[in-house]
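Using the numbering used here, you'd call the opening residue of the sequence shown number 474 and step up by one each time. Beta carbons are placed, not taken as given, at the ideal position from N, Cα and C, and that holds for glycine. Owing to the predicted nature of the structure, the values given are computational and were not obtained by experimental measurement.
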Amino acid sequence: MVKGDVMELSADMQPDEAFPEKSNARDGDEALDFLKKEEVGGEINEVDQKKLVRKIDWMIVPLMFLCYCMQYLDKSLLNLSAAMGILKDAHLDTNQFANLSLIFYVGFLVFEFPHAYLMQRFPTGKYLGCCVMLWGAMVAVTCSCKSYRSLMAVRFLLGAFESAISPSLILITSMWYKRNEQPARVGIWYTGVGIAGIIGSLMSFGFQHYHGKAFKSWQIMFLVIGLFTIFVGVLVVLFLPDNPMSSRLTHNEKIVAVERLRENNTGIENKHFKLYQVRECLVDPQVYLLFFITVAASVPNGAVGSFQSIIIKGFGYTDLQTALLQIPQGLVSVSSVLLATWSAGRWNARGLNIIFWSAIGGLLGGGLLAFLPADAKNGRLAGNYITHVVGAFLPCAYSFAACNFAGHTKKVTINAIILIGFCVGNILGPLTFRNQDAPQYLPAKITIVAVDSVAILLTVTLLLYYKWENNRRDRAPQEYQHALEFADLTDKENKQLRYKY
Numbered sequence: 474m475v476k477g478d479v480m481e482l483s484a485d486m487q488p489d490e491a492f493p494e495k496s497n498a499r500d501g502d503e504a505l506d507f508l509k510k511e512e513v514g515g516e517i518n519e520v521d522q523k524k525l526v527r528k529i530d531w532m533i534v535p536l537m538f539l540c541y542c543m544q545y546l547d548k549s550l551l552n553l554s555a556a557m558g559i560l561k562d563a564h565l566d567t568n569q570f571a572n573l574s575l576i577f578y579v580g581f582l583v584f585e586f587p588h589a590y591l592m593q594r595f596p597t598g599k600y601l602g603c604c605v606m607l608w609g610a611m612v613a614v615t616c617s618c619k620s621y622r623s624l625m626a627v628r629f630l631l632g633a634f635e636s637a638i639s640p641s642l643i644l645i646t647s648m649w650y651k652r653n654e655q656p657a658r659v660g661i662w663y664t665g666v667g668i669a670g671i672i673g674s675l676m677s678f679g680f681q682h683y684h685g686k687a688f689k690s691w692q693i694m695f696l697v698i699g700l701f702t703i704f705v706g707v708l709v710v711l712f713l714p715d716n717p718m719s720s721r722l723t724h725n726e727k728i729v730a731v732e733r734l735r736e737n738n739t740g741i742e743n744k745h746f747k748l749y750q751v752r753e754c755l756v757d758p759q760v761y762l763l764f765f766i767t768v769a770a771s772v773p774n775g776a777v778g779s780f781q782s783i784i785i786k787g788f789g790y791t792d793l794q795t796a797l798l799q800i801p802q803g804l805v806s807v808s809s810v811l812l813a814t815w816s817a818g819r820w821n822a823r824g825l826n827i828i829f830w831s832a833i834g835g836l837l838g839g840g841l842l843a844f845l846p847a848d849a850k851n852g853r854l855a856g857n858y859i860t861h862v863v864g865a866f867l868p869c870a871y872s873f874a875a876c877n878f879a880g881h882t883k884k885v886t887i888n889a890i891i892l893i894g895f896c897v898g899n900i901l902g903p904l905t906f907r908n909q910d911a912p913q914y915l916p917a918k919i920t921i922v923a924v925d926s927v928a929i930l931l932t933v934t935l936l937l938y939y940k941w942e943n944n945r946r947d948r949a950p951q952e953y954q955h956a957l958e959f960a961d962l963t964d965k966e967n968k969q970l971r972y973k974y
């Protein structure tokens, strides 16, 4: 039973009464097996949930933040190196530079489903840590690449290994937190994007003061960041728990950490791949709406993110000024993400936040970039910064995936599909920047306004679908069954689940 912020199990409650045999379930969740095997009863002391959640936060959130921060920093080093001479040193033109951004997301896309399968088969924390070390190695070896072909090969492999990051972190978040707690935690690790932008800009500014003969400044930057990323991967392998059941929590804390998630109705973990859940995912309307929302909202991310240095430099700033002027975008990103995810969890407003931040970033920011006159440098720079609030949509989309999909195989499948949408948007984004449109790139800026308008319309449709489905379930209430929460049923099978929106 739960009393306030404290959970306790009654002393006269027998294990089989607390956790009955699963019914209507094919191969239940690992959490159900764990609870049935553990001695639960009078020996369980009261556990303060607030203290337990804080302990969980300190155990996993800093590592998730570090992973996401390094992921964004590593892939954005190409953008930073544009102001450090890589185009000249590697003999790249604008189209080839765009292709280097594109090939990263091709690798990202190709390996998304393999990661989803392997992530379910292997311990999640260990698998993530190995991927972090491998992409760190790709970043480090980029320092030796001085041709278009070698850069294309390394960028493809970088995308292949980095594609494990978001599905892993979404899965880990759903393993540890209640649905109303998830958006804030997603927001914290997602702020790694903005922090990485600030760190990268300062590093670019600092390295540009190096003028050695043996190495170029961008080569040293890739080597240093790559080696540090490998170190982060080692930390993840050693210290990030694979799930609550095998974590460093005490016996009592493990029981409560699992039991408190019963209300989610989404389970924790199941290592058996279930094809029927994949098929269900592929015919679920919410999957396609989330996919196309992610595609539309990711186009500006791919366009502005990959060409940030080129856009700002096109306003007439020097290389050093360009590096420093990228710092505010990180502050804008961090602020908008924290505000969006906090309000999404506080008021159950994931969809409304996607609509709001898409409107501010895409319509207002994109409009300033596209339609202000060429001599309005400050206004266009402000528009460029405002476009970065669009990034607040992604953690809200991630939290939809974490809280509204049940069945472990279905969860890893939707995570892969959302990240495929992210890839498609980021592939299309850089393609809007063409040589013939330089230096203003007006068509690319107009595209930002158009695709964010589409994202807003699709989000409204998704919210109406969730409301309709919840109302339909309320009209046909099901008798409560205690074991269904950990039966590894999908959200379509478990009629006790109500969608968050």
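Local Cβ density within 10 Å of Asp757, reported as buried at 16 or more and exposed below that: What you label residue 757 is simply residue 284 of the sequence shown in a count that begins at 1. With a 10 Å radius around the Cβ and a threshold of 16 neighbouring Cβ atoms, Asp757 comes out buried.
Start-end ranges of the alpha helix (DSSP H) lying completely within the region 853-934, minimum 4 residues: The qualifying runs are 866-877, 881-904.
Where the alpha helix (DSSP H) containing Glu585 begins and where it ends: Within the sequence shown, numbered from 1, the residue matching residue 585 stands at position 112. In this chain, the alpha helix (DSSP H) harbouring Glu585 covers 585-594.
Proximity of Leu553 and Ser677 at Cβ, strictly below 8 Å: Position 80 of the sequence shown, counting from 1, holds the residue named residue 553. Position 204 of the sequence shown, counting from 1, holds the residue named residue 677. Here Leu553 is near Ser677, since their CB atoms are less than 8 Å apart.
Glu942 versus Tyr972: straight-line alpha-carbon distance, rounded: Mapped onto the sequence shown, residue 942 falls at position 469. Mapped onto the sequence shown, residue 972 falls at position 499. Linking Glu942 to Tyr972 through their CA atoms gives a straight-line distance of about 8 Å.
Residue nearest to Leu452 in terms of C-alpha spacing, selected from Ala770, Lys523, Asn857, Met606: Residue 452 is absent from the model: the chain starts at 474 and stops at 974.
Own chain partners of Tyr541 with C-beta closer than 6 Å, once the 5 adjacent residues on each side are dropped: Taking the sequence shown and counting its residues from 1, the one referred to as residue 541 is at position 68. The answer, listed in chain order, is Trp662, Gly665.
Member of Val863, Leu573, Ala843, Ile638 whose CA lies at the smallest distance from the CA of Ala929: Against the sequence shown, residue 929 aligns to sequence position 456. It is Ile, not Ala, that sits at residue 929 in the sequence shown. Checked all of Val863, Leu573, Ala843, Ile638; the closest Cα to Ile929 is Val863.
Ala498, buried or exposed, once every other Cβ within 10 Å from all chains shown has been counted against 16: The sequence position of residue 498 within the sequence shown is 25, counting from 1. Because Ala498 sits at a pLDDT of 44, beneath the cut-off of 50, its placement in the model cannot be relied upon, and the point is left open.
Val756 in three-state terms, based on DSSP: One-based indexing of the sequence shown puts residue 756 at position 283. Val756 falls in the coil class under three-state DSSP.
Environment of Gly679 [buried if 16+ CB atoms lie within 10 Å]: Position 206 of the sequence shown, counted from the start, is the residue given in the question as residue 679. Exposed.
Three-state secondary structure (DSSP) of Asp506: Sequence index remark: in the sequence shown, residue 506 carries index 33 (1-based). Per DSSP, reduced to three states, the secondary structure at Asp506 is helical.
contact_flag[the region 623-643, the region 584-596] where n(CB pairs < 8 Å) is 3 or more: Result yes; three or more Cβ-Cβ pairs closer than 8 Å.
Proximity below 8 Å, CB of Thr702 to CB of Met543: On the sequence shown, residue 702 is found 229 positions in, with the first residue counted as 1. On the sequence shown, residue 543 is found 70 positions in, with the first residue counted as 1. Yes, these two residues count as a Cβ contact at 8 Å.
Cβ pair count under 8 Å reaching 3, the region 693-711 against the region 610-625: As far as the Cβ criterion goes, the region 693-711 touches the region 610-625, which means the pair count is three or higher.
Contacts around Gly840, its chain only, beta-carbon distance under 8 Å, and the 5 residues preceding and following it disregarded: Taking the first residue of the sequence shown as 1, we reach residue 840 at position 367. Excluding positions up to five away in sequence, the list reads Gly856, Val922.
Lys918 and Leu842 closer than 8 Å at C-beta: Your numbering for residue 918 matches position 445 in the sequence shown. Your numbering for residue 842 matches position 369 in the sequence shown. At the C-beta level, Lys918 and Leu842 come within 8 Å of one another.
Cβ neighbours of Leu546 in the same chain (closer than 7 Å, five flanking residues each side left out): Position 73 of the sequence shown, counted from the first residue, corresponds to residue 546. Cβ within range, chain order: Ala669, Ile672, Gly673, Ile698.
Cβ-based burial, His745 [other Cβ within 10 Å; buried from 16]: Residue 745 sits at position 272 when you count from the first residue of the sequence shown. His745 comes out exposed.
Beta-carbon proximity of Ala874 to Asn826, cut-off 8 Å: For this step, residue 874 is matched to residue 401 along the sequence shown. For this step, residue 826 is matched to residue 353 along the sequence shown. The criterion of a C-beta distance shorter than 8 Å is not satisfied by Ala874 and Asn826.
Status (buried if at least 16 other CB within 10 Å, exposed otherwise) for Arg622: As a working mapping, residue 622 is identified with position 149 in the sequence shown. It counts as exposed.
Reference Ala730; option with closest CA among Leu708, Ile890, Arg527, Trp815: Walking along the sequence shown from the start, residue 730 turns up at place 257. Nearest of Leu708, Ile890, Arg527, Trp815 to Ala730, Cα basis: Arg527.
Contact the region 878-898 vs the region 635-648: 3+ CB pairs below 8 Å: Enough Cβ pairs lie closer than 8 Å, so yes.
Alpha-carbon spacing of Glu490 relative to Asn725, whole angstroms: Taking the first residue of the sequence shown as 1, we reach residue 490 at position 17. Taking the first residue of the sequence shown as 1, we reach residue 725 at position 252. Confidence at Glu490 is low in this model, with a pLDDT of 37, below 50, so its placement is unreliable and the value that follows should be read with caution. Between the alpha carbons of Glu490 and Asn725 lies a distance of about 18 Å.
Short Cβ contact (8 Å threshold) for Ser782 with Ala626: Numbered from 1 along the sequence shown, position 309 holds the residue referred to as residue 782. Numbered from 1 along the sequence shown, position 153 holds the residue referred to as residue 626. For Ser782 and Ala626, no; Cβs fall outside 8 Å.
Pair within 8 Å by beta-carbon distance, Gly598 and Leu811: Taking the sequence shown and counting its residues from 1, the one referred to as residue 598 is at position 125. Taking the sequence shown and counting its residues from 1, the one referred to as residue 811 is at position 338. Note that the C-beta distance between Gly598 and Leu811 is not below 8 Å.
Asp961, DSSP secondary structure in three states: Numbered from its first residue, the sequence shown carries residue 961 at position 488. Coil.
Range covered by the alpha helix (DSSP H) that runs through Arg622: For the purposes of this step, residue 622 is identified with residue 149 of the sequence shown, where counting begins at 1. That run of the alpha helix (DSSP H) goes 621-635.
Closer than 8 Å to chain D by CB, Gly706: No chain D appears in the structure shown, which is made up of a single protein chain.
Under 8 Å between C-beta atoms of Gln759 and Tyr871: Here residue 759 refers to the residue found at position 286 of the sequence shown. Here residue 871 refers to the residue found at position 398 of the sequence shown. No. Outside cutoff.
Option in Val772, Cys876, Thr791 with minimal Cα separation from Asn821: The sequence position of residue 821 within the sequence shown is 348, counting from 1. Comparing Cα positions, the closest option is Cys876.
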